[in-house]
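J.: Mapping of the sequence shown onto my numbering: residues 220 to 308, in sequence order.
Glycine residues also receive a C-beta, built at the ideal position from the N, C-alpha and C atoms.
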Amino acid sequence: MKRFVMLALLVLTLAVPLAAQKPAAQDEFVPVTGAPAGAQETIPAQRLVGIAYGFIWVVLFGYVWSVRSRLSRVEREIETVSRRVPERK
């Protein structure tokens, strides 16, 4: 009797996921005969490309500004250190 109950539980455990699957909506490809009126897929390519190029330019200018400010800070520090250290001959 115990084996029968265990076997029944095993069968039910394996059968539940199979029964839960939904059947496919269709079995084969059905071509669309005509597009609905007024429905047209468009991608705003010019706007997206313009935004992408603008973003790249902003990032590039930000990077150049950052490098310039860090370089000027390093140049000021070098001047300060060179004034403090006496020249050796």
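1) Roughly how many whole angstroms lie between the Cα atoms of Y282 and A264?
2) Kindly list the residues whose CB is nearer than 8 Å to the CB of F280, restricted to its own chain and excluding five residues on each side of it in sequence; keep chain order.
3) When you compare only the Cα positions, how much space is there between P250 and G273?
4) Give the DSSP-derived three-state secondary structure of Q265 in the structure shown.
5) From the DSSP output, in three-state form, read off T299 for me.
6) Excluding the 5 residues flanking W276 on each side, which residues of the same chain have their C-beta closer than 6 Å to its C-beta?
T.: The answer reads as follows:
1) In the sequence shown, counting from the first residue as 1, residue 282 sits at position 63. In the sequence shown, counting from the first residue as 1, residue 264 sits at position 45. Using only the alpha carbons, I get a separation of about 27 Å.
2) By 1-based counting over the sequence shown, the position of residue 280 is 61. Answer for F280: no residue qualifies.
3) The residue you call residue 250 lines up with position 31 of the sequence shown. The residue you call residue 273 lines up with position 54 of the sequence shown. Taking the straight line from one Cα to the other gives about 41 Å.
4) Translated into the one-based positions of the sequence shown, residue 265 becomes position 46. Three-state result, Q265: helix.
5) As a first step, residue 299 is located in the sequence shown; it is residue number 80 there, counting from the start. DSSP places T299 in helix when its eight states are reduced to three.
6) Stepping through the sequence shown from its first residue, residue 276 is reached at position 57. Excluding positions up to five away in sequence, the list is empty.
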